[in-house]
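Protein chains in written order, with the numbering used here: chain U, 95 to 355; chain L, 210 to 364.
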């Protein structure tokens with residue numbers, strides 16, 4: 095990808111008038127999540143003002159549903175696919191009332207299969223890594239299901255990872271996709287930090303010898319911030335990203351959700 | 210630095226080639242070039258949706274590609290397979306095409322030809338102002354029975 099200047103030539107328009115930017119960033123309702131959870135969202139498209147990482151949130155009574163998805167590709171075309179995902183999640187959860195995270199992912203896969211299976215050889219495929227969380231705000235209960243996107247939990251500074259299914263949503267239609275719902279164990283009276291992220295974070299190039307940050311690097315960063323409040327964690331993660339990346343180009347979109355429960 | 214007539218023509222040709230290549234290689238349907246012209250009167254030629262890129266570096270100005278909704282709908286069907294795209298999808302498509310076309314021109318012209326991220330809009334924003342010292346070259350194209358404008362403005 096070629097370097098791009100952030101500023102526009104003097105045409106009387108600023109990026110505030112960029113409708114794509116407004117449409118895309120409206121998908122990241124940090125305020126909605128932060129109003130019910132102590133949470134942060136980091137959204138850094140690879141280039142420009144749109145990307146293939148998306149975010150969806152829905153509250154039904156005391157249940158809060160959160161989903162992160164990392165669609166194939168980058169830029170404006172991938173951004174279109176993120177809207178397909180939000181539309182189907184709305185349909186499955188809001189309209190059809192499906193409540194189990196694993197079942198939601200399975201239905202999501204079937205929706206994409208019925209829409210895109212016969213449309214092969216497109217520039218932009220419909221596959222995505224997806225993580226879906228259901229948080230019961232009354233009884234402090236957390237359920238998770240992931241399609242190639244795991245969940246990281248830190249409790250008492252100790253990390254736990256809930257592995258995801260190896261199958262993405264919207265891909266490999268010839269295989270049955272069965273997404274498991276896992277309960278996330280939460281110790282009473284101990285604050286747990288939960289993280290979901292697209293693989294653009296661990297694949298971020300940088301460091302002294304221009305290599306990927308890696309899962310190990312992600313855990314190194316997360317371990318460092320465990321004593322910080324969530325608001326400060328966001329600043330710290332952004333600063334770590336900047337330090338690691340240096341002047342190296344970003345090759346993938348980055349989306350990170352972190353919250354305390 | 211002002212762009213000389215020869216440089217201006219050469220840059221326009223790069224954009225024309227980039228647009229032709231975009232349609233030929235990505236859609237397998239050739240675009241047809243209609244007679245380009247220098248725009249002298251005030252105002253801009255715009256269709257429903259526009260993706261605009263600012264140019265800076267050795268050359269300063271802008272390029273935009275503007276087309277009606279039906280052209281972007283056809284492109285989205287071809288590229289992604291979404292049959293009923295939303296307004297947001299249309300705007301994304303307008304941004305994508307201008308970004309790819311300008312990006313390919315930049316790849317030819319090197320580091321001194323800088324491009325901005327695309328600015329995407331519907332209709333004619335009131336705030337849009339074109340500097341007086343910019344020469345505007347309008348290239349009407351036809352693709353798949355849809356007319357679009359590739360408009361290049363350079364100092």
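Heads up, the beta-carbon is just placed ideally off N, CA and C, and yes, glycines get one too.
Checklist entry - For residue 290/L, which residues in chain U fall below 7 Å Cβ to Cβ? => result The residue labelled residue 290/L in the question sits at position 81 within the second chain. Within 7 Å Cβ-Cβ: 210, 213 and 216.
Checklist entry - Which parts of the segment 286-345 of chain L are runs of the alpha helix (DSSP H), unbroken and 4 residues or longer, counting only runs that do not cross its ends? => result 296-318
Next on the checklist: Nearest by alpha-carbon distance to residue 217/L: which of 241/L, 229/L and 318/L is it?
Outcome noted: Position 8 of the second chain, counted from the start, is the residue given in the question as residue 217/L. Of 241/L, 229/L and 318/L, the residue nearest in Cα terms is 318/L.
Checklist entry - Closest to residue 309/L by CA distance: which of 291/L, 225/L and 331/L is it? => result Mapped onto the second chain, residue 309/L falls at position 100. The option with the nearest alpha carbon to residue 309/L is 225/L.
Checklist entry - Does any residue of chain U bring its CB to less than 8 Å from the CB of residue 314/L? => result If you number the second chain from 1, residue 314/L lands on position 105. For residue 314/L, the answer is no, since every Cβ of chain U falls outside 8 Å of its Cβ.
Item to check | Nearest to residue 246/U (by Cα), restricted to the options 210/U, 126/U and 279/U | outcome: As a working mapping, residue 246/U is identified with position 152 in the first chain. Ranking 210/U, 126/U and 279/U by Cα distance to residue 246/U puts 279/U first.
Item to check | Neighbouring residues, chain L, relative to residue 144/U (Cβ below 8 Å) | outcome: Looking up residue 144/U in the first chain gives position 50. Within 8 Å Cβ-Cβ: 301 and 304.
Checklist entry - Taking only runs of the alpha helix (DSSP H) that begin and end inside the segment 194-272 of chain U, which ones reach a length of at least 4 residues, in chain order? => result 195-210
Checklist entry - Whole-angstrom Cβ separation of residue 248/U and residue 327/U, contact assumed at under 8 Å? => result Here residue 248/U refers to the residue found at position 154 of the first chain. Here residue 327/U refers to the residue found at position 233 of the first chain. With a Cβ gap of about 10 Å, residue 248/U and residue 327/U do not count as contacting.
Item to check | Three-state class that DSSP yields for residue 144/U in the structure shown | outcome: For the purposes of this step, residue 144/U is taken as residue 50 along the first chain, with counting starting at 1. Here residue 144/U sits in coil by DSSP.
Next on the checklist: I need the DSSP call for residue 336/U, collapsed to helix, strand or coil.
Outcome noted: Within the first chain, residue 336/U is the residue found at index 242, counting from 1. Of the three classes helix, strand and coil, the one that applies to residue 336/U here is helix, per DSSP.
Next on the checklist: When you compare the CB positions of residue 220/L and residue 284/L, do they come within less than 8 Å of one another, or not?
Outcome noted: On the second chain, residue 220/L is found 11 positions in, with the first residue counted as 1. On the second chain, residue 284/L is found 75 positions in, with the first residue counted as 1. Going by C-beta atoms, residue 220/L is not nearer than 8 Å to residue 284/L.
Item to check | Separation of residue 228/L from residue 249/L, as counted between CA atoms | outcome: Indexing the second chain from 1 puts residue 249/L at position 40. Indexing the second chain from 1 puts residue 228/L at position 19. Going from the Cα of residue 249/L to the Cα of residue 228/L covers about 23 Å.
Checklist entry - By DSSP, does residue 353/U sit in helix, in strand, or in coil? => result Position 259 of the first chain holds residue 353/U. Here residue 353/U sits in strand by DSSP.
Next on the checklist: Please report the distance separating the alpha-carbon of residue 149/U from that of residue 311/L.
Outcome noted: For the purposes of this step, residue 149/U is taken as residue 55 along the first chain, with counting starting at 1. For the purposes of this step, residue 311/L is taken as residue 102 along the second chain, with counting starting at 1. So the alpha carbons of these two residues sit roughly 29 Å apart.
Next on the checklist: So, at 6 Å on beta carbons, what are the nonlocal neighbours of residue 329/L in its own chain, with the 5 sequence-adjacent residues on each side left out?
Outcome noted: Taking the second chain and counting its residues from 1, the one referred to as residue 329/L is at position 120. Here the set comprises 260, 300, 303 and 304.
Item to check | Among 348/L, 343/L, 352/L and 350/L, the one whose alpha carbon lies nearest that of residue 363/L | outcome: What you label residue 363/L is simply residue 154 of the second chain in a count that begins at 1. The shortest Cα separation from residue 363/L among 348/L, 343/L, 352/L and 350/L belongs to 343/L.
Checklist entry - Over what stretch of residues does the beta strand (DSSP E) that includes residue 132/U continue unbroken? => result As a position in the first chain, residue 132/U is number 38, starting the count at 1. Start and end: 132-138.
Item to check | Secondary structure of residue 359/L, DSSP reduced to three states | outcome: Residue 359/L sits at position 150 when you count from the first residue of the second chain. Correct three-state label for residue 359/L: strand.
Checklist entry - If residue 156/U and residue 226/U are in contact, beta carbons under 8 Å, what's the gap, nearest whole angstrom? => result As a working note, residue 156/U is residue 62 in the first chain. As a working note, residue 226/U is residue 132 in the first chain. Not quite, the Cβ-Cβ distance comes to about 17 Å (not below 8 Å), so this is no contact.
Checklist entry - Do residue 264/L and residue 272/L come within 8 Å of each other at the CB atom, strictly closer than that value? => result Working through the second chain from its first residue, we reach residue 272/L at position 63. Working through the second chain from its first residue, we reach residue 264/L at position 55. Yes, they are a contact pair.
Item to check | Interfacial residues, the segment 322-338 of chain L to chain U, with Cβ spacing under 8 Å | outcome: 323, 324, 325, 326, 327, 328, 329, 330, 331, 334, 336, 337 and 338
Next on the checklist: If contacts are defined as beta-carbon pairs under 8 Å, then residue 310/U and residue 298/U qualify, I think. What distance do you get, rounded to the angstrom?
Outcome noted: Position 216 of the first chain, counted from the first residue, corresponds to residue 310/U. Position 204 of the first chain, counted from the first residue, corresponds to residue 298/U. Incorrect: roughly 13 Å between the Cβ atoms, too far for contact.
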